[in-house]
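Beneath this line is the structure, given in structure tokens, with notes to follow.
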Amino acid sequence: MSLDQSNKTEHGVQHVAAGTPFHLPALSDTDLAGEPAIRFAVALDAVNDLHAKTQQVQADPHLTGQGKDAQLRPHRERTLDQVAATLEALDSYSGSLDKREAELLRVPELHREAAAEAIIDRELRDYWRSLDMDGRHKLLDAMNSGPEHQRLEIALLRSPYAQLDHEIRVVRESWNRGRRIENPTEAFAIEAGRSQVEWGRRAMSHLSSITLRTTAMGEGALKALVSAGREKAAKAFGYDQGQIEDMKRQIQIEKQRSAA
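Numbers in my numbering are just positions in the sequence shown, counted from 1, shifted up by 85.
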């Protein structure tokens with residue numbers, strides 16, 4: 086499913102959810118094919134389907150208010166869950182990017198049996214400690230200029246001893262930059278993914294608030310989310326931890342009463 090971007094204005098691309106317009110930055114074809122945009126498009130359709138269903142049911146003169154609520158309840162709950170699942174999927178996708186970046190920037194481990202590597206590490210750290218401040222600054226500048234000192238970076242980054250914060254920060258930045266240069270495809274994919282996540286969070290912030298209005302479930306929305314174990318999504322909908330804990334206690338009390 087591709088997101089419709091045909092309605093472009095000076096404020097960006099206009100989207101409409103349940104009759105409410107909002108604007109988002111235009112996406113490239115590549116970003117449109119990304120997970121955040123695809124999931125948002127599905128969730129947007131779900132909210133608009135609920136809006137259309139609500140108008141249809143509310144216009145039925147043969148239904149009482151109670152009857153209308155009964156007909157709409159499953160549609161409301163399903164839509165709320167769909168949007169909640171999208172919020173959680175966006176969070177999960179962001180987490181997967183964190184893991185990919187951590188692997189990309191990972192410093193090689195020093196294995197116990199690698200005695201020769203351990204000796205090289207120690208000698209390089211001894212050399213580093215032997216330098217005066219001017220010598221260290223020159224070497225740090227050289228690290229920033231190219232990959233020639235990568236082996237020294239590894240030795241310093243996996244040192245078991247504390248290093249000066251400003252020095253180790255420069256070493257880490259140089260290492261990270263070198264890893265990205267050596268792996269441009271993965272580095273670009275991660276950067277693009279993060280941009281997509283940022284767009285997705287902005288898009289879902291609009292849609293989540295519209296969803297709460299459209300489902301018109303009141304406190305029942307939080308109850309449904311907590312009952313389904315979607316506490317992360319509940320926070321994304323704007324509920325705080327105190328409200329979530331209160332609802333969990335309320336649900337527990339109701340269970341105890343029904344079991345008595």
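Cβ atoms here follow ideal geometry from the backbone N, Cα and C, with glycine treated the same way.
Hey, quick one: how far does the beta strand (DSSP E) through Val127 stretch, first residue to last? DSSP places Val127 in no beta strand (DSSP E) but in the uninterrupted alpha helix (DSSP H) bounded by 120 to 143.
In whole angstroms, what is the alpha-carbon distance linking Val255 and Ala227? 11 Å
Nearest by alpha-carbon distance to Leu241: which of Ala155, Glu202, Gly327 is it? Considering only alpha carbons, the answer is Glu202.
Bounding residues of the alpha helix (DSSP H) (the contiguous stretch that carries Pro159): 150 to 189
For Leu109, three-class secondary structure by DSSP: strand
Which first and last residues belong to the alpha helix (DSSP H) in which Ala321 is found? 316 to 321
Buried or exposed: where does Asp89 fall if 16 or more other Cβ atoms within 10 Å of its Cβ makes it buried? exposed
Name the residue from Ala102, Lys184, Ala170, His136 whose alpha carbon lies nearest to the alpha carbon of Glu316. Checking every option, the nearest Cα to that of Glu316 belongs to Ala170.
Length of the line joining the Cα atoms of Asp206 and Asp176: 38 Å
So the alpha helix (DSSP H) Gln326 belongs to, where does it begin and stop? 326 to 344
Own chain partners of Asn92 with C-beta closer than 6 Å, once the 5 adjacent residues on each side are dropped: Cβ within range, chain order: Gln99.
Does Val282 come out as helix, strand or coil in the three-state DSSP assignment? helix
Nearest to Ser280 by alpha carbon, out of Leu112, Thr94, Ala103, Ala102? Nearest to Ser280 by C-alpha distance, out of Leu112, Thr94, Ala103, Ala102, is Leu112.
When the Cα atoms are used, what is the spatial distance from Pro232 to Glu198? 27 Å
Do Ala272 and Arg265 come within 8 Å of each other at the CB atom, strictly closer than that value? yes
Answer yes if the region 156 to 172 comes into contact with the region 282 to 299, meaning at least three C-beta pairs across the two stretches below 8 Å, and no otherwise. yes
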